[in-house]
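S.K.: For the sequence shown, the numbering used here assigns the number 12 to the initial residue and increments by one for each residue that follows. I am attaching a structure below and will ask some questions about it afterwards.
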Amino acid sequence: MFRDAQGLELTCASATAAAAYDHTIDGYLLNRFNVSQRLKSCLAEDPDFCMAHVLRSAFSMMSFNETNVDFARTSLAKAQTLAPRTSPREQAHVAALSHWISGEHDRTLAAWSAIATQWPHDILAFRMHHLLGFWCGRPELLFAQAETTLSHYGRELPAYGTVLACRAFAHEECGSYLIAENCAREAIAIDATDVWATHALAHVFEMQGRRAEGIAFLSAMEPHWEGGNNLLHHLWWHRALYHIERAEFDETLRLYDDRFRDLNSITTTAMPDLYIDIQNAASALWRLERQGIDVGDRWQEIAAKAQPRIGDCRNPFTLPHWVLALARAGHHAEAVHFIKGMEDFVLRNVGDLSPLVRTIALPLCKAILAQADGRSREAIDLMRPVLPTMHRLGGSHAQQDLLEQMFLSFAESAGSDADQTLILERIRGRRALPPERSIGWREAARSH
């Protein structure tokens, strides 16, 4: 019997294969760009390693790209043939993955939570629950699971820093900024290359308006990011947000071109339309234009990548960003076609995803297109009913702020004081930072 680094039973052919599996898990936990290569080495050691095939399927799903789902199914099918000779824990992972591929996110989250609860040191189940729970807009689940899991961990365990980093992010999203900061700093002290811990602290700075501190912190941490994946782009996006708040727009555009939308970087060329990168780019450009900044032809580059993603709703939060890029690039017909693809997806009844797209993402995307056509009143009428549920699309408070600012912008265009008051009251009631301290909200807040 072989065991992983957490002491859990692994059904594999050799200690070398088990070590290669641990190396792959480490790469995933620490957001390393070469994690796929690590997994290939693991499978080369043991082609019939069930959990390695689970990882291969899961990594495909983590792209939130419909074109990769068939590969995920193929890998899952291989894992299913191997599962009968594995442990109950490994079999539970196979079952959880089948729910994810089917778009049944609630069942997936429940399955991973059950694994992490029965086997508290299963760091893979814990981390994947954290990932999907975030993209389902369920920070309370992240919070609860982090507290449960942490009670079974100590500093002597190799994944302790990962648990701390996830706990930090969960607390930040639930508004517990002091706990979040303390956990993030402890995780960084354990391993300065843990970019998820760095990411959690960047969020704390954003939510508390500590922009100068955030810029200095991310600049100081950057030397530790060698070999990181696209999460690095997101960290540079966070730094760009600090600069936007300080009206340092030239620096924001420099970060856009040279960091988080660097088209020549190895991470961008490997995945030029990765969901998080599209979100970063579109939200930054929209914020800049709202401040009167000319962003040149940057919208065109994003919009050009939308066509292959028509009908791909695996990450619903990205959908408004695609339509926004098409609308801002002046591609009205393509935006209409993109929305039609969303409507067709809804009819496929894909697990929990279809109702989410129908009730939230579609109204948002139609509102964006209506605003682009000059129909501001229609835009706010479409968007107003979904304000209380937008968080279910996923995304952090910092990311959801784009959608909330858009509603304010639509209300301003329509001349609707009532809707401006509505969204400002919502912001004031839900955030620690008053809108008067945020550049996108300041002017409206002074008059409402």
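Just so you know, even glycine gets a beta-carbon here, dropped at the ideal spot from N, CA and C.
1. Mapping DSSP to helix, strand and coil, what is Arg325?
2. Could you name each continuous alpha helix (DSSP H) segment of 4 residues or more that falls completely within the stretch 189-245, going from the start of the chain to the end?
3. Going along the chain, which residues of its own chain have a beta-carbon closer than 6 Å to the beta-carbon of Ala346, five neighbours each way excluded?
4. Kindly indicate which residue of Met73, Leu444, Gly225, Leu435 has the alpha-carbon position closest to the one of Ser458.
5. Alpha helix (DSSP H) containing Lys351: first to last residue?
6. My understanding is that Gly176 touches Ala198, with C-beta atoms under 8 Å, so please give their C-beta distance in whole angstroms.
7. Output yes or no for whether 9 Å exceeds the beta carbon distance between Arg43 and Gly239.
8. Based on the DSSP secondary-structure assignment, which residues constitute the bridge partners of Asp13?
9. Are the beta-carbon atoms of Leu285 and His132 separated by less than 9 Å?
10. Runs of 4 residues minimum, wholly inside the stretch 359-398: which ones carry the alpha helix (DSSP H) assignment?
11. Lys51 to Gly303, Cα distance in whole Å?
12. Quick one: any contact between the stretch 48-63 and the stretch 247-254, if contact means 3 or more CB pairs under 8 Å?
13. Give me the Cα-Cα distance between Phe180 and Ile321, rounded to the nearest whole angstrom.
14. Give me the DSSP bridge partner(s) of Arg43.
15. At a cut of 8 Å, does the stretch 385-397 reach the stretch 419-433 through at least three beta carbon pairs?
16. Return yes when the Cβ of Phe70 is within less than 9 Å of the Cβ of Val46, no when it is not.
17. Alpha carbon to alpha carbon, how far is Ala16 from Glu312? Give it in angstroms, no decimals.
18. Taking Ala258 as part of the alpha helix (DSSP H), name the residues at either end of that continuous run.
19. How close, in whole Å, do the beta carbons of Arg67 and Ser98 come, if the pair is a contact with beta carbons under 8 Å?
20. Sorted by chain position, which residues of the same chain lie with C-beta nearer than 8 Å to Ser113's C-beta, five sequence neighbours on each side aside?
21. Under 6 Å Cβ to Cβ from Phe271, same chain only, skipping five residues before and after it: list those, please.
22. For the candidate residues Asp355, Arg257, Leu153, whose alpha-carbon lies nearest to that of Ala191?
23. At the level of alpha carbons, what is the spacing between Ala409 and Gln219?
24. Near Ala443, which residues of its chain fall below 8 Å by C-beta distance, leaving aside the five closest residues on each side in sequence?
M.R.: On the basis of the coordinates in this document:
1. For the purposes of this step, residue 325 is taken as the residue at position 314 of the sequence shown. Arg325 falls in the coil class under three-state DSSP.
2. Uninterrupted alpha helix (DSSP H) stretches at least 4 residues long and entirely within the stretch 189-245 occur at 206-219, 222-232, given in chain order.
3. The residue you call residue 346 lines up with position 335 of the sequence shown. Contacts found: Val334, Leu337, Ala338, Leu380.
4. Here residue 458 corresponds to residue number 447 of the sequence shown, with the count starting at 1. Minimum Cα distance to Ser458 is reached at Leu435.
5. Here residue 351 corresponds to residue number 340 of the sequence shown, with the count starting at 1. Lys351 -> alpha helix (DSSP H) spans 343-358.
6. Within the sequence shown, numbered from 1, the residue matching residue 176 stands at position 165. Within the sequence shown, numbered from 1, the residue matching residue 198 stands at position 187. Residue 176 is actually Ala in this sequence, not Gly. Indeed they touch by this definition, with Cβ atoms about 4 Å apart.
7. As a working mapping, residue 43 is identified with position 32 in the sequence shown. As a working mapping, residue 239 is identified with position 228 in the sequence shown. Yes.
8. The residue labelled residue 13 in the question sits at position 2 within the sequence shown. It is worth fixing the name first, because residue 13 is Phe in this sequence and not Asp. DSSP, once it has assigned bridges, lists Leu21 as partnering Phe13.
9. As a first step, residue 285 must be located in the sequence shown, where it is residue number 274. As a first step, residue 132 must be located in the sequence shown, where it is residue number 121. No, Cβ-Cβ distance for Leu285 and His132 is not below 9 Å.
10. Runs of the alpha helix (DSSP H) lying entirely within the stretch 359-398 and spanning at least 4 residues, in chain order: 364-367, 373-383, 387-394.
11. For the purposes of this step, residue 51 is taken as residue 40 along the sequence shown, with counting starting at 1. For the purposes of this step, residue 303 is taken as residue 292 along the sequence shown, with counting starting at 1. Using only the alpha carbons, I get a separation of about 48 Å.
12. Contact fails: fewer than three Cβ-Cβ distances are below 8 Å.
13. Here residue 180 corresponds to residue number 169 of the sequence shown, with the count starting at 1. Here residue 321 corresponds to residue number 310 of the sequence shown, with the count starting at 1. Cα to Cα, the separation comes out at about 32 Å.
14. Here the question's residue 43 lines up with position 32 in the sequence shown. Bridge partners of Arg43 according to DSSP: Gly239.
15. Three or more beta-carbon pairs drawn from the stretch 385-397 and the stretch 419-433 are found closer than 8 Å, and the two stretches are therefore classed as touching.
16. For this step, residue 46 is matched to residue 35 along the sequence shown. For this step, residue 70 is matched to residue 59 along the sequence shown. It is a contact, given that the beta carbons lie within the stated cut-off.
17. Position 301 of the sequence shown, counted from the first residue, corresponds to residue 312. Position 5 of the sequence shown, counted from the first residue, corresponds to residue 16. Rounded to whole angstroms, Glu312 to Ala16 spans 43 Å at the Cα level.
18. Translated into positions along the sequence shown, residue 258 becomes position 247. Ala258: not part of any alpha helix (DSSP H); DSSP gives it neither H nor E.
19. Numbered from its first residue, the sequence shown carries residue 67 at position 56. Numbered from its first residue, the sequence shown carries residue 98 at position 87. With a beta-carbon spacing of about 19 Å, Arg67 and Ser98 fall beyond the 8 Å limit used to define contacts.
20. Locating residue 113 in the sequence shown gives position 102, counting from the first residue. Taking Ser113 as the centre and dropping the five residues before and after it, the same chain places the C-beta of Val361, Gly362 closer than 8 Å to its C-beta, in chain order.
21. What you label residue 271 is simply residue 260 of the sequence shown in a count that begins at 1. Excluding residues within five positions, the ones whose Cβ falls inside 6 Å are His244, Trp247, Trp248, Asn291.
22. Here the question's residue 191 lines up with position 180 in the sequence shown. For Ala191, the nearest C-alpha among the options comes from Leu153.
23. Sequence index remark: in the sequence shown, residue 409 carries index 398 (1-based). Sequence index remark: in the sequence shown, residue 219 carries index 208 (1-based). Looking at the two C-alpha atoms, the distance is approximately 11 Å.
24. By 1-based counting over the sequence shown, the position of residue 443 is 432. The beta carbon of Ala443 lies closer than 8 Å to those of Gly186, Tyr188, Met218, Gln219 in the same chain, with the five residues before and after it left out.
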